[in-house]
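Chains as they are written, first to last, in the numbering used here: chain A, 2 to 650; chain B, 879 to 1131; chain C, 22 to 340.
What follows is a set of notes on a single structure, which appears directly below.
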Amino acid sequence: MTMNTYNILKSIVVLLSFLLATGVFLWRAYPQLWTKLRQSQSTPRFGQWGERIKGLIVFVGAQLRLFRFRAPGTAHFFIFWGFLFLSLTILQAILEGLLAFTNPHFVIPLIGEFGPLALIQDVIALCVAVAVVYGMYLRLVVDPERYKGSHKSQGVMVLSFILTIVLSLLVMNGSRINLGEDELSAWRPISALVGSIYSGASAGTQVVIAEVAYWIHLGVVLLFLTELPEGKHFHVVTSIPAVLLRNLEPRGRLAAAPTFDGHAGVSKAEQFRWRQLLDAYTCTECGRCQDMCPAYFSGLPLSPKLLMMDMRNNLKHPSGAMVPDAITEKVLWSCMTCYSCDQECPLFIEHVAPIVDMRRHLVDQGSMDKTLQDALANLGRYGNSFGQSDRMRAKWTQGVQPAVKDARREEVEYLWFVGDYASYSATLTDVTRRTAEVFSKIGLSFGILFDAERNAGNDVRRVGEEGLFEMLVDKNKQAFAKAKFQTIVTTDPHTYNTLKNEYPEMGKVLHYAELLDQMIASGKIKFSKKLGYKVTYHDPCYLGRYNGVYDAPRRVIEATGCEIVEMPRNRDRAFCCGAGGGRIWMDEKDVKDRPSESRVREAAALTGVQTFVVACPKDLTMFKDAVKTTGNEQTLVVKDLIDLVAEAL
Amino acid sequence: MKIAVPVKFVPDLVEELTIDSSGAALDTAWLRLIINEFDDHAVEQAVILKERGGGEVAVLSAEADGVDDFLFTTAAKGADKLVKLTGDFSAVNNHALGKAFAEAIKTIQPDLVLTGVQAHNDLDGSLGPLLAEYLGMPFVGYVSGVTVSGDKVIARKEYSGGLVAEVEVKLPAVLGIQASETPPRYVAYSKIRQVMGTAKIDEQAAEGLDAASGVTVSRMFQPESAERAAMLEGSPEDVSDKLIGIFKEAGAL
Amino acid sequence: MSQDIFVVVEHLRGQVADISHVMLAGARALSQTSGGGVVAVLLGKDAQSLAANLAADRVLYVDSPALAEFTPDAYQLALAGLIQAQSPRAVLFGHTSVGMDVAGGLSAKLGIPVVSSCRSFTADGKFVCQICGGKIMAEGDLPAPTALVTMLAGGYKAEVGNQPPAVEAVPAPALDALRISIKQYIEPDTSDVDISKEPMLVAIGRGIQNKDNIELATELAEALGGQVCASRPVVDQGWLPTTRLVGKSGKRVKPKVYLALGISGAPEHVEGMDGSDIIVAVNTDPNAPIFNVAKYGTTMDLLDLAPILAERVRSAKGG
């Protein structure tokens, strides 16, 4: 065959296969991108473009969240940037193929003639190859826990594609350099190096090598294109929109409950918001979420990663309703809403939001275990989950000196929203009274709502009982209207979260750690002694991850003269105690390993640390219990932040 | 199948109970009323029967604080007819209540009447057997399962010691429900609010409420602490040691 | 019209229920005030032999095929005529699945007042009822001239008679047009431990909070050489089988020691265990009615106490 015939054939084959591959790609991607997304519900995600562009630069450009795992993060950084730079070489390959019949040595004008670019592409090709080999090693040899459940073979297959694409590119370039056809050969040292391996071969052989490498290169590229819409590699297409259109609302603010035909909650694919469908298509099965999930850790059937994969599966191959077939009730009730999954995800996939939406459906259907049902019934009737009369809410105030003020009768500066646990739990009465005494001692003008206070509703909302949540908001707002105060302060991070982010038209809301921090900084609090303890501090989910308050409590601890030794999982990586998301109101029968016990062991392993400091009443309850059940009573004592403050005053 | 469920609201034991100045009755100032738990089970059982075999469920209650919300909740569960008896129920005992319910139920002409087997404030007998007599229907109590078969029902009757009997009763009949086959279902708040917009409560004046055949209480009091337990104090270790001593003395250790 | 106190004997499948003996003791106490005698009323078919150990002055026995099994309507019909004819001072029924099915209907039918949930009688013949989950006692004059009463267990000790009383056969009235019949009995599950035979029971109630904590009770029971039993809320949740239920609808137990953890002490439960030699109650609510029945108590949290007690018992036993 003459070169001419060959080149004509080449153009035809390239054209046809390019059309075929594009066709398959569209045929596979269309239902996902267009049909399903069009059928879904709207998500308000436009606006704040400055913030969004910045996000693109930091999280896509710099791949920030991926670097939590340094080696894989580096590898993916190169694969991503490699992909971007080498996409031009792919374009080059396609065009030179299409135009082979007129110009076999076609090179893209300007871009294809720019030396420095060729150098970057050449070096990056090598980096990609190394990164891919590392990726294979990670999947096949190391096989970390977070990959459990992910489609490993799919991942390895695509890695092989990329490796093949890159190696074939280098070989092809190498041949062309050997043949003297490359004007930028000086800018392609890696290709040259590769070519030098077979530089001894005849010119004819070089041509064959070049063409074979070309076909392999193009073939695998087009094959990859057809594979893109399947499984996790669709993220190549959707990752930029995913990061660009991420949720910029305060983390602790849930969207209102969707209703369909008078029924609240989501159970079918077309009831989801487009963002949630996009998330399902975008999930890369990396497992960073699964790694941090306390529910997964405890042996409950939930994994945020598997949740996304199941959603995706149901969207592509609907063999039943999303709920309860693809995603079961047990999975949905397992969530502690700690937000670690959303925090870790490099693509800002939202896991908590769809879980709550699906829980809303379960509540609408009345599908929940009896313990939760009783808790909700109690919350509805008595305004607290303990089933005690609302009249008993302020019983703890008896005997507190000076007497706690009633904010409904006297004007105070701070309204202290005490919260259910601090008010009703027998094990916490001590701490609550101490808090009142400390507040008085530091000269705070404060009062409480007494029996007009109701559960703030944070966890009621996250359990999916939106109607009950609205009722509680109503009752609390009525109580606020009757009281005279300037700022709300609360000792419960869950309360703090919902009052601050979800209650309408609220003034200033502070967590007591923030208030103490402010007062220490302004000199209003003076400690009489330095405690000198070595302590560790546990960031509550709803104070830390949800609302970014990490430093204020630490400053308060340090101000009391204590030294903080951080646990390995600290700040936004703090491991949830397991009480959130209404879990504290649910049956524990499926829990094999308690997250609270894991956390206590983590603290007990720190040398010299004997005090575990918390800033949340549920944490106090869970960890005190865990210290007992792990047999650490002699090594660790659990104290509330207020205990340190009281001691140091 | 038409099912009628008369219910009673009783003092909520979560609240503190105090005796009033007469010394013979509960102080109503601090009293809160709540649905009799067994009546809640009766409603659930009625709805279960309706779901299984079709029909209509009517729930009836004397007026009291919280009754409206409760009736709407039963509608959200599946009740078709809501009846509230109006009148002065302050001095009313179960005999009078039974007569009032009987009048209202006669107009419904149900095949089956389900009501809680007892209520914790019953003094003159429980509502079910009295109502059955006023309606001229047979009564079986302590029922934890109901199967309808033609013009009869098979009721699962519980005795002490775990013994159960399957009792066949000719309809129409009154059954005293101990427990519904599955625990009372949860109804989301949003659903109850929805129903409030569509369901209607039928108010019927209760005629001639008379408290005859009643029981007169001359004294009401909280049980004496004369027989109260000897309380053990101290740390868990102290109390454990004391208990071990007690067990040994009893010959159990 | 007589001052006799009638007691409707409860018997099921050839066994006289304990409550009957309790009622006879109560009737004896009441008869001191009324001045009459204690008359046991026995309904059945070929059941005369059951009269032998009744602590009554005499027994009125009604025999009929329709009374072979307890059915509410047959009993009601049989008793209606008897009560109207004899007009006793009081007729005692058990506050049970048997007594309650009959007493109320009879009251409405005959226009005779019925006093329910009665625990005992005062020295001057007043009724003392226990209501509101055991939190309230109500006292009053026994309605005259005749009163029906449903009796709770626990006010009197069940005692059998010293000698068989005289049995008087009473002709059965026409017992037709009956609308209730027993199809079959379903035996309780015997595959599990029989808690009524255990000398040491660790009982758990709502205060155990969740299924997971039951482990603490099981370990404690093991250490003590006993078994775990429960009150109704625990069994209703499915955390323990019904074979472990103590109370009105469960088993009646009389162990040497009954350690009640997190149990409030509602009458329905108490009547299943108040025959225990020693009751120890652990409940964080100092006002829980269980403390009126227990000999020893503590307001300590059972979750704190149970593991430590188990540990101490194990070392006391040398293991």
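The C-beta atom is built at its ideal place from N, Cα and C for all residues, glycine as well.
Mind checking if residue i is an interface residue toward chain C, Cβ cutoff 9 Å exclusive?
| i | result |
| --- | --- |
| K629/A | yes |
| T329/A | no |
| K590/A | yes |
| T372/A | yes |
| E1046/B | yes |
Applying a beta-carbon distance threshold of less than 7 Å, which residues of chain C neighbour residue i?
| i | result |
| --- | --- |
| E1036/B | S118, S270 |
| A834/B | Residue 834/B cannot be examined here, being either before or after the span of chain B that is shown, 879 to 1131. |
| V1093/B | P134, V136, G161, P164 |
I want to verify the contact list: residues of chain B whose CB lies under 8 Å from the CB of residue i, in sequence order.
| i | result |
| --- | --- |
| G381/A | Y1067 |
| L33/C | Y1037, L1041 |
| C250/C | Within 8 Å Cβ-Cβ: nothing; C250/C doesn't reach chain B, min ~12 Å. |
| L333/A | By Cβ distance, chain B contributes nothing, its closest Cβ being about 15 Å from L333/A, past 8 Å. |
| A124/C | G1003, P1007 |
Tell whether a beta-carbon distance below 9 Å holds between residue i and residue j.
| i | j | result |
| --- | --- | --- |
| G579/A | T496/A | no |
| V278/C | I300/C | yes |
| G994/B | D946/B | no |
| L1131/B | G246/C | yes |
| K959/B | V925/B | no |
| D311/A | E146/A | no |
| T285/A | P347/A | yes |
| E1046/B | Q923/B | no |
| E180/C | A76/C | yes |
| S1027/B | K1035/B | no |
Can you find a C-beta in chain B that's less than 9 Å from the C-beta of residue i?
| i | result |
| --- | --- |
| E471/A | yes |
| D475/A | no |
| V364/A | yes |
| L255/A | no |
| R392/A | yes |
| G47/C | no |
| A457/A | no |
For residue i, which residues in chain A fall below 8 Å Cβ to Cβ?
| i | result |
| --- | --- |
| Q1072/B | G263 |
Residue i versus chain A: which residues are under 7 Å apart at the beta carbon?
| i | result |
| --- | --- |
| D1063/B | It is Arg, not Asp, that sits at residue 1063/B in the sequence shown. Result: G367. |
So residue i contacts chain C; which residues on that side make the cut at Cβ distance below 8 Å?
| i | result |
| --- | --- |
| S1096/B | K147, E160, G161, D162 |
| Q1082/B | Per Cβ cutoff of 8 Å: no residues; Q1082/B is ~21 Å from chain C at best. |
Indicate whether at least one CB of chain A lies closer than 9 Å to the CB of residue i.
| i | result |
| --- | --- |
| I986/B | no |
| E1115/B | no |
| I1079/B | no |
| P186/C | no |
| P328/C | yes |
| I1055/B | no |
| L930/B | Here the sequence assigns Arg to residue 930/B, which means Leu is not the residue at that position. R930/B does not count as touching chain A. |
In chain B, which residues lie less than 7 Å from residue i when you measure between Cβ atoms?
| i | result |
| --- | --- |
| Q389/A | V892 |
| G154/C | L891, H998 |
| R462/A | Within chain B, no residue comes near R462/A; the closest Cβ sits about 12 Å away, beyond 7 Å. |
Who are the neighbours of residue i on chain C, taking C-beta pairs under 9 Å?
| i | result |
| --- | --- |
| A427/A | T305, D322 |
| A1130/B | P220, M221, L245, G246, G247, P276, K277, V278, D298, I299 |
Name the chain B residues whose beta carbon is nearer than 9 Å to that of residue i?
| i | result |
| --- | --- |
| T467/A | A small fix is needed here, since residue 467/A is Glu in this sequence, not Thr. Here the neighbours are A1066, Y1067, S1068. |
Give a single yes or no on whether residue i has its beta carbon closer than 8 Å to a heavy atom of the ligand COA.
| i | result |
| --- | --- |
| V278/C | This structure simply doesn't include the ligand COA, nor any ligand for that matter. |
Name, going along the chain, the residues of the region 939-958 of chain B whose beta-carbon falls closer than 8 Å to a beta-carbon of chain C. Listed by position, the residues of the region 939-958 of chain B near chain C (Cβ gap below 8 Å) amount to none.
List, from N- to C-terminal side, the alpha helix (DSSP H) runs of 4 residues or more that fit wholly inside the region 415-463 of chain A. You should have 421-425, 430-442.
Where in the region 166-220 of chain A do unbroken runs of the alpha helix (DSSP H), each at least 4 residues long, occur, reported from the N-terminal end onward? If only complete runs of 4 or more residues are kept, the region 166-220 of chain A shows the alpha helix (DSSP H) at 190-197, in order along the chain.
Output, in sequence order along the chain, the residues in the region 206-239 of chain C whose CB is closer than 8 Å to any CB in chain A. The region 206-239 of chain C vs chain A, Cβ under 8 Å: N231, K232, D233.
Inside the region 35-77 of chain A only - alpha helix (DSSP H) runs reaching at least 4 residues: Qualifying alpha helix (DSSP H) stretches, in chain order: 50-56.
Curious, which full-length beta strand (DSSP E) runs of at least 3 residues does the region 149-212 of chain C contain? If one requires a minimum length of 3 residues, the beta strand (DSSP E) runs lying completely within the region 149-212 of chain C are 157-162, 168-172, 187-191, 201-207, in chain order.
Whole alpha helix (DSSP H) runs in the region 919-994 of chain B with 4 or more residues, listed along the chain? Qualifying alpha helix (DSSP H) stretches, in chain order: 945-955, 972-986.
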